[in-house]
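Working notes, structure below.
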Amino acid sequence: MAVMRDMIPPFELYQPTEVEDAVRLIRQHGDKGWVLAGGLDTFDWFKDRIKRPEAVIDLVGVEELRGISAGADGGLEIGAMTSLTDVAENADVMGRYPLLAEAAGLVATPQIRNQGTLGGNIVQDTRCWYYRSGWPCYRAGGNVCYAATSQSMNREHCIMGASRCVAVSPSDTAPALVALDAEMVVAGTSGERTFAAADFFIGPDIDIERMTVLKPGDLLARIVLPAPWEGARWYFEKIRDRKSWDFSLVSVASSLRVEGGMIQDARIVVNSVAPYPVRLRAVESAIRGRAPSEDTGQMAGEIAVEGARTLRHNDYKVALMRNLVKRSIRDAA
Amino acid sequence: MEFLRRALNPWGENVPIGVAWDLIWAAVIIGAVFVVVHALLVPKKLPAGEIDEGEAKGLPDRIQRHKPGARGFHWTMSATMFALLITAFFPVIGIQFPWVTIHWIAGVLLILTVLYHIYHVFAKQDVRNMWIGGRDVKEGALGLQAALRRPVKRPRAGKYPVDQKMFHHAATLATLGAVVTGVLMMFRVDNFLWARNEYMFSDATWGWIYVIHGISGIALIFLVIAHVYFAIRPEKRWMTWSMINGWITRDRYLENHDPERWSVPEAGGAGDVEGSAAGGGTGQPALSDKA
Amino acid sequence: MAENVIGTDISPPDLRAKITGRARYAEDFRAEGMVFAKLLLSPMPHARVRSVDTSAAEAMEGVLGILRAEELPVPGGGLREAALTDEPKYEGEPILAVAAVDETTAAAAVEAIRVDFEPLPFVLDPLESLREDGPDAHVDGNISAGRGELGSLKWPASVFEEAGADRLPMGEAPTEWAIGDIDAGFAEADVVVEETIVHQSVTHHPMEPRSCMAYWQNGKLFLHGSTQSTERTRGGVARMAGVEPDDVVFIGEYCGGGFGSKISGSPIMAVPAVLSRKIGRPVMLRITRYEENYIGRARAGFQGWAKMGFRADGRMTALDLYLVQDSGPFGASDVFTAATVATASYQPENMRFRGVAILTNTPPRSAQRAPGGAQIVAMLEPLVDKAARELDVDRLEIRKINAPGHDGWLGPQQGGFTSAYVREALDLGGELFNWEEKSQLSGQRNGTKVTGVGMGLSPFTAGSAGRDGLLVIRPDGKLHVHQGIGNLGTHSIADTARPAADVLDLSWDQVEIVWGDTSKHLPFSTVQAGSQTTHAHTRANHAAGTAMLGLLQELAARELGGSPTDYRVADGRVFRAGNRAAGMDFAEAARRAIAIGGKFSGQEVPEELNDATKAAVAGLAGEGLIAAARDNYSRGGSVYTWVATFAQVELDVETGEVEIIDLASTTDCGTVMHPRSLAAQTNGGVFQGIGMAKGQRWVFDPKWGIPFTKRFYTARPPGILDVPLSPRFAAVDEPDPHTPVGAKGIGEPPVGAGEAAYVCAVADAMGGLCLCRTPLTADMILAELEGRPRPYGLLETHV
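Chains as they are written, first to last, in the working numbering: chain P, 1 to 333; chain E, 1001 to 1291; chain G, 2001 to 2799.
What follows is the structure in structure tokens.
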């Protein structure tokens, strides 16, 4: 059977307008269904005819999944279908969660941010080009990681958290949401389940074919942000090969609670170094009670990269991650 | 039903990548059917064997069947086998946890144990004890008739009953299949010995290695089901106990074993029964032979 | 008097259509009964088709036909590429095409075809193929032995052992030339620098993929395609279809970029041409971005080594150059151009060049905007900087010292240039960029950022001569300029028409450009490549304009009395000198020309015209006053343009990221025809070069021989945020004395200038350390700064 690319095969399109209809359709079609948000991840898969669902459930008409509103306890709730532009330019997000606004604003290009959604950015699949080429790797149900051989081109791949698969999480907003202690609300027929952002993303050691806890039939409904720390300092940086339409080589998101010149509490999260956003708990506890200085940053960076395991071409990520963690403490504002 | 999972490799060639996971359920169902059918057909009590008082003379009350070392090995192997099967198949059926490290470490333990067993069998024991000969066939035929409630004289086994031998060989095949392919697959896991090399064989060869590993594993599901079932069968429980406490009674010995084929030292002897550690009635002799 | 249109900004006639979307590109056309074709691509980098089973596809409803390689009138073989093949030489080479009522069906049919391929050994890295036991790209060899024959070149193991891992192995080279005595040159040198350098291969990625649509009417092939050169594409299409050029109508009014990959169409055009004839229906072949990555051509990469010697005064006494080219499966000639271009930068007193071109199983190469030139400029300029540092000579100064003047020479034959205002361009650039001050910022650190400044001087060929111009003044009174050149977005269809208007002193709104359709009677033109067009066709249209002027004067004298020299032409009238009223307007002239016939309306043509032009004139005969002329102006040497680009960058030492803070470019390209367009061309080329240096990639998996950078986001050409918002530009604007308008081409030289300026600026920010490879990505820079292992071997390609 010859391989054909760049030509979307036919499918049944469903465009529900209510969450419950969407959930019912998603359940009904199970692993033969596909949930479509902005389509930026989806259409690449479809065009290459690698993912060939029978039914596509397009969420664009489900108004309830869109929008930004005040949450309980001074927090904020963001519908999963809210566009990245709306997240990046929302006054509440910009004012109280600049970390998220910045992360969302650095995604791809203005057009993609208009079309792409926060939910889609969170649950998007990895961009490992071996996997995206339709090769039968572990993540695709096969028995090999083409990216981890002695000849592989794996400059973009992971330095920690690998388990057979060495792909990385591509999301820009994911590390920001983990750093903000966000919660992911997943809708299902039996009601809603809530996951801490840090637990929402899973590694290949747990399930090599998925990047999040979402299984066929699940729907990420909204993202709940708790009230931000008073006077928190933030830092977000995304290193990429070009300044638009590019995924991160390494990104870092931090939020620091600094009182009396000392760090009282911290969230430091790095992405694109592992198959999931990595919350650096050891770093967080090590910097507590210290000043957010160059020295603290340096120490934090060293701790952060402990145990990193490099592939043929991605050794630089160790230095990059170490330096970004340093900056995320030293330069947080 | 498909028996293999296949995929197009990067060059568009159709290659096997593993065994169809549906076979897991096939093994479970076949195992369950076997258990149910066996439980329904085969009486839980065998006709009492005749005990020849003459044979009993001079034998101790308790005859050691498994030395502590042998028992240790049996249970080590059982543990690794369960660890391997659970880590292999639970994630496939949807119970997800980080399994790879446990799986390969358990695999390494199993390999070491098997290696030790092979060494011991060939260096210290008479391999012929495990051969199935004419007497075993006869014994088996009688056993089968007895099991089917035919009025026959209850057969007595040599060192190892024939059903155990057969089970041993099936399990040996499955285990060696899993072990040999597992060793090769270790070359695809980063570990303390070497860096992974996914391109050691062609993808088709790797595919067949995965298929054999999968078939072996799935066969072991069936074997383990049968093994556990027999271990808890009332008429076999004496053997199960012997794998726990090491000994059987003189009566059990005389009832089930032919002293001509398995002689034990008389009372007051060292109690070290040469070659006595048949693997219980639990179908896993390979894992529980004498240490 | 009409305002002189040369040197002013105009809106080209196609601009509005492009901006509003009215412009129709090849894939926008439809024909009655049109069906769609899809390609089956080779999944392997080198293979042989053992068997093909199309039964399932043919049984599908809506499938109309399948085209195989052997059905092509000109099948491929050896170094000859064809649209389809049964022995693919790269992953992605088209094997067959399926026509169906729609693309969905055609795609499903392709998927239903079973092809049994026999994999053959393949090679991605030329150096691997040069090893004694290394694989070859073709079954019959790894080099071109000339005349389409294959040969084999292997180096003994000792060559590789001697070189080690970090130096280019240099065995026997099939191409070698020298100027002077290289050893004496180095003996004379006070400073010698030497590096092993890798320049990547990169795909062209024009915005418009090479889609094409074809149909047949009464034995004539109509083909809509994307091409750089309209008139010169017809012959190729005719050959592919196995018909005479007269039986081909080629239509291509707009071309969404070519960069050298569509010089005279594309081999793939044979598919709709032949398939539509086979099934008797018009066939549209829409090439996708993914397919374009494979069949869309690429620049040939180099693995090179260079050694330069300089006297204390900065003069280059010796240049020793060794280049190994990755030629793709069918060959490339960049390597030969490269050495010649180097002479146009440095005029070395002594030089030796050795070159090896090795075939590989990667997608085909073709010219890409300064083929060979951009590579060599970006490879050598950092070495010049290195020498300048050692000599303590200013980096701008050392380029001026070595740059050619009007008496300069080019290449191994050491022929002359038509003009060379290189020092003027360098001086202008130094001023525009403020080199004197900016070079003081070199190495300055601000937080984690270090400033680097660099420059690149890039020469490239920029003209040719001997083409034809064809003008018609119709009874509508307008001057119709027939342009056989293509319209690939450079404005040259409009800009090269200006000399005709200028000669006739005609305002621009009275000029109509006729282009993009060979049935519209187009004259013999250059292929729109090698930056020839501006030069070649300002000349041709100047010649035609002059001929038209003569015809108008002659016509007026004949009709109104007096001698032709009594008449002047301006503002759309021919009139007696000093008396505007005594004359006629162009509309009248056209009517009279039609009435008179003969040489006035194309019934007679100059014998020296090219046959294509004669045919075009014959087709137009009787439609107006027709002037066709050949460019017989003096040649006067090689036509070269130089571009100098200056860059200021900031390198973040914690991330390896480089930001371009300032960019300024200047050029000697002769007379400025169209300032806005010239600046756009130059800046665009500079950005393209920066893209190659900074992050554009062409990555292959070495085990499978398959590329990953198949789409824009993985191939990463630069985006608008990667360059400064307001790059500056200025031109010397000195006319070339050997061409009537004074204009030379500009398309190609900016690429090398931008690329070199970038790599030199990055090296400057790293304290003069040249990593000597492209792409030069953040990971490589960071690894170097952090003292970590290099991400790639020094000679590794496709990274």
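Ideal Cβ placement from N, Cα and C applies to all residues, glycine included.
Cut-off 8 Å between Cβ atoms - residues of its own chain near residue i, not counting five sequence neighbours on either side
i	result
P2121/G	H2046, P2135, D2136
E2623/G	V2472, R2474, I2594, S2601, G2602
R2315/G	E2349, I2401, N2402
Close Cβ partners of residue i (< 7 Å) along its chain, the five nearest in sequence each way excluded
i	result
L2428/G	T2666, A2730, V2732
G1268/E	Here the model assigns G1268/E a pLDDT of 44, short of 50, so the residue's position is not dependable, and the following value carries that caveat. Correct list: empty, nothing qualifies.
E2654/G	T2448
S2051/G	D2116
R2592/G	L2555, E2559
Status (buried if at least 16 other CB within 10 Å, exposed otherwise) for residue i
i	result
G17/P	Position check: residue 17/P holds Thr in this sequence, whereas Gly was assumed. T17/P is exposed by the Cβ-count criterion.
Q2347/G	buried
K326/P	buried
N2293/G	buried
S2042/G	buried
A1270/E	Confidence at A1270/E is low in this model, with a pLDDT of 38, below 50, so the placement of that residue should be treated as unreliable; the coordinate-derived value is given next. Classification for A1270/E: exposed.
F1192/E	exposed
G2767/G	exposed
F1997/G	A query on residue 1997/G cannot be resolved here, the shown segment of chain G reaching from 2001 to 2799 and no further.
S2276/G	buried
I2066/G	buried
F43/P	exposed
Whole-number beta carbon distance between residue j and residue i, since they are thought to touch under 8 Å
i	j	result
R2299/G	R2239/G	Rounded, the Cβ-Cβ distance is 25 Å, inconsistent with contact.
R312/P	R2716/G	About 20 Å; that fails the 8 Å criterion.
G2754/G	I2690/G	5 Å
Per-residue contacts from residue i into chain G (C-beta, under 9 Å)
i	result
P1068/E	What P1068/E touches in chain G: nothing, since even the nearest Cβ is about 52 Å away.
Closer than 8 Å at the beta carbon, the chain P residues around residue i
i	result
Y2792/G	H313
Neighbouring residues, chain G, relative to residue i (Cβ below 8 Å)
i	result
L249/P	A2778, D2779
Contact list for residue i against chain G, beta-carbon separation under 7 Å
i	result
W1011/E	P2043, M2044, P2119, W2704
Cβ shell of residue i (< 6 Å), same chain only, five flanking positions each side left out
i	result
G2076/G	A2082, T2085
P136/P	G142
K2710/G	Y2290, N2293
V1019/E	V1211, G1214, I1215
Beta-carbon proximity check, residue i vs residue j, cutoff 9 Å
i	j	result
G2545/G	L2504/G	yes
Q2303/G	I2143/G	no
Q2483/G	V2514/G	yes
R2399/G	M2455/G	yes
T2317/G	G2452/G	no
A196/P	A182/P	yes
K2262/G	P2329/G	no
Beta-carbon neighbours of residue i, restricted to chain E and to distances below 8 Å
i	result
S150/P	A1195, N1197, Y1199
W135/P	N1009, P1010
Chain E residues whose Cβ lies nearer than 7 Å to that of residue i
i	result
C145/P	E1198
A196/P	Ordered by position in chain E, no residue passes the 7 Å Cβ test against A196/P, which lies about 18 Å from the chain.
Beta-carbon neighbours of residue i, restricted to chain P and to distances below 9 Å
i	result
I1017/E	P136, G141, G142, N143, V144
D1022/E	Going along chain P, no residue has its Cβ under 9 Å from D1022/E, so there is no contact; the nearest lies around 14 Å.
W1206/E	N143, V144
Chain P contact residues for residue i, given Cβ-Cβ distances below 7 Å
i	result
F1097/E	I206
Distance cut-off 8 Å: residue i Cβ against heavy atoms of the ligand PLP
i	result
T2496/G	This structure does not include the ligand PLP; it has no bound ligands of any sort.
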